[in-house]
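In our numbering, the protein residues as written are 12 to 401.
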Amino acid sequence: MSENVRTDPHARPFWRPTGAAAAAITVVALPGFLIGAFAPEIKDDLSFGDTELGALLTFGYLVSSIVMSVAGGVADKRGPQLILRFGVIIAAIAALLTGVVSNTYFLLLLCIGLNRVAEGVIQPATNTLISTGVAPDRQGIAMALKQSAVPFSTAMAGFAVPTLGIIFGWRGAFLVVAFLAIPTWFAIPKVTVLNTKKFPSRREMWGSRHLQIIAIAGAFSAAAVVTVSGFLTTSAKNAGYSESSAGLILGLGGVVMIASRLGWGYLADRFQFDRFKAVAMSLLLGSISFILFSLGSKETILLGALLVFGIGWSWPGLLLLGVIEQHPEEPGAATATLQTSIRLGAMFAPIGFGLIADSFGYGTAWICSFGVTLLGSVLMLFASKATQKR
12 MSENVRTDPH ARPFWRPTGA AAAAITVVAL PGFLIGAFAP EIKDDLSFGD
62 TELGALLTFG YLVSSIVMSV AGGVADKRGP QLILRFGVII AAIAALLTGV
112 VSNTYFLLLL CIGLNRVAEG VIQPATNTLI STGVAPDRQG IAMALKQSAV
162 PFSTAMAGFA VPTLGIIFGW RGAFLVVAFL AIPTWFAIPK VTVLNTKKFP
212 SRREMWGSRH LQIIAIAGAF SAAAVVTVSG FLTTSAKNAG YSESSAGLIL
262 GLGGVVMIAS RLGWGYLADR FQFDRFKAVA MSLLLGSISF ILFSLGSKET
312 ILLGALLVFG IGWSWPGLLL LGVIEQHPEE PGAATATLQT SIRLGAMFAP
362 IGFGLIADSF GYGTAWICSF GVTLLGSVLM LFASKATQKR
């Protein structure tokens with residue numbers, strides 16, 4: 012049965028739109044994290060190295076950014092239910108094909124590309140679902156719960172290595188994702204959106220000065236932290252952890268990240284503070300983790316993982332909330348502008364990290380991530396100034 016949003020903004024339902032958004036993000040995010048968690052095994056099975064792993068992740072972000080830039084505002088006009096259900100179907104097909112037919116690197120590349128098509132459709136639509144389907148004074152925690160689906164996916168991927176991986180192998184883990192899409196499809200509610208206003212074009216959104224600065228800052232901010240999901244388990248294994256233990260570190264990091272993102276959501280609903288300055292501070296403190304990773308010992312890998320997941324990657328929900336608060340009438344289009352730029356930043360990071368790791372070692376690659384994170388922090392401060400002037 013469809014659930015319609017009532018006219019009173021404070022009478023809007025909370026759990027169904029929030030839960031549906033989180034479930035849709037989980038279904039579309041899990042495959043990417045499974046690639047990172049099972050990276051050692053997948054690379055052995057399909058005979059490719061770190062550079063190819065980076066290229067795989069880069070290709071996925073390229074596809075996602077293209078789709079998101081085109082489809083970002085569709086949910087604002089037609090409602091998020093139709094768009095989200097369409098994206099979930101694509102995600103299910105992609106996961107099914109990954110588990111069944113990805114017997115070569117090229118086929119795996121195509122399957123991940125299809126998954127990223129689904130991501131490009133789903134990500135901005137979930138922002139529209141929360142912005143129009145949840146009361147304004149609860150959107151902070153709703154966005155935090157939705158964005159916690161990403162670290163939840165990280166945790167599930169990490170825990171899948173010593174559980175599903177042992178029983179079914181890495182392919183079986185992708186088949187589980189395909190089945191998870193079924194209840195997600197039915198959970199997505201119908202939310203009423205205003206379709207009488209004139210929506211800004213993509214060119215108008217990209218031409219907004221403050222959005223340009225926020226988008227550039229987001230690109231550099233994501234470029235460093237996104238490498239963690241793809242290369243942490245390999246780095247942990249190089250430090251002396253077993254494959255299962257490396258996966259558990261990734262899983263533990265996901266749990267820590269959920270707590271940190273929920274903490275930001277709780278604070279955002281109760282206090283007025285500069286969202287963008289808070290993001291900058293998170294990036295600055297989290298950058299220390301990459302120095303710890305570069306040292307390459309078992310102790311510094313574990314400590315760095317807790318720091319990067321607990322602080323350095325705690326900010327996406329808060330950043331999206333800041334953009335939605337700036338653009339309450341076109342949340343999907345505005346956040347798509349940001350998330351497209353984030354995908355572009357994330358697109359170059361994995362292939363760059365892989366090339367540096369293959370040529371100079373993981374220590375040097377992590378130091379480069381440290382520098383990029385510092386740059387992202389500085390740019391986010393400029394983003395704060397731009398929104399204040401607006």
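Built from N, CA and C at the ideal position, the CB exists for glycine as well.
Keep in mind it's a predicted model, so treat the numbers as computed, not measured.
Query                                                                                                          : Result
Element boundaries [alpha helix (DSSP H), containing S65]                                                      : Note on residue identity: the sequence assigns Gly, not Ser, to residue 65. Start and end: D61 to A82.
Inter-residue Cα distance where the pair is M12 and G321                                                       : For M12, the predicted model reports a pLDDT of 37, less than 50, meaning its position is unreliable and no value from the coordinates is stated.
Of the listed residues A171, I104, G144 and I152, nearest to I199 (C-alpha basis)                              : G144
CB of G43 within 8 Å of CB of S240, strictly                                                                   : yes
Nearest candidate by alpha-carbon position, reference L313, set L261, I100 and V132                            : L261
4-residue-minimum alpha helix (DSSP H) runs that sit fully inside the stretch 162–232, ordered along the chain : 175–198 and 213–217
K400, buried or exposed, once every other Cβ within 10 Å from all chains shown has been counted against 16     : exposed
Opening and closing residue of the alpha helix (DSSP H) in which I302 lies                                     : I299 to L306
Whole-number beta carbon distance between F231 and V78, since they are thought to touch under 8 Å              : With a Cβ gap of about 22 Å, V78 and F231 do not count as contacting.
Whole-angstrom distance between V389 and F190, CA atom to CA atom                                              : 42 Å
Cβ shell of A166 (< 7 Å), same chain only, five flanking positions each side left out                          : G262, G265 and V266
S293 beta carbon less than 8 Å from that of G323                                                               : yes
Cβ pair F301, W377 closer than 8 Å                                                                             : yes
Rounded straight-line distance, which links the Cα of A35 to that of A184                                      : 17 Å
Supposed close pair I159, A33 - CB separation, criterion 8 Å                                                   : Looking at the sequence provided, one finds Ser at residue 159 rather than Ile. About 7 Å; that satisfies the 8 Å criterion.
Neighbourhood of F25 by C-beta, 8 Å cutoff - its chain only, sequence neighbours within 5 removed              : V145, A146, R149 and A153
Distance cut-off 7 Å: G315 Cβ against heavy atoms of the ligand PLP                                            : You won't find the ligand PLP in this model; it holds no ligand whatsoever.
Backbone secondary structure at A146 - three-state DSSP                                                        : coil
Stretch pair the stretch 87–101 + the stretch 129–138: three plus CB contacts closer than 8 Å                  : yes
D56 versus A105, A82 and R182, residue with shortest Cα-Cα distance                                            : R182
Check whether G365 and T62 have beta carbons under 8 Å apart                                                   : yes
Own chain residues within Cβ distance below 6 Å of V237, not counting five before or after                     : A357 and A360
Spatial distance of Q92 from L385 (CA atoms)                                                                   : 38 Å
Own chain partners of V172 with C-beta closer than 7 Å, once the 5 adjacent residues on each side are dropped  : A48, F49, E254, S255 and G258
Within 8 Å, strictly: CB atoms of F287 and S142                                                                : no
Close Cβ partners of T69 (< 7 Å) along its chain, the five nearest in sequence each way excluded               : M358, F359, P361 and I362
Buried or exposed by the 16-neighbour rule on C-beta atoms within 10 Å, applied to S80                         : buried
Cα-Cα separation, G169 to L222                                                                                 : 35 Å
Cβ shell of S76 (< 6 Å), same chain only, five flanking positions each side left out                           : T351, R354 and L355
When A233, L107 and I94 are compared against Y72, the one with the closest alpha-carbon                        : A233
Environment of T346 [buried if 16+ CB atoms lie within 10 Å]                                                   : buried
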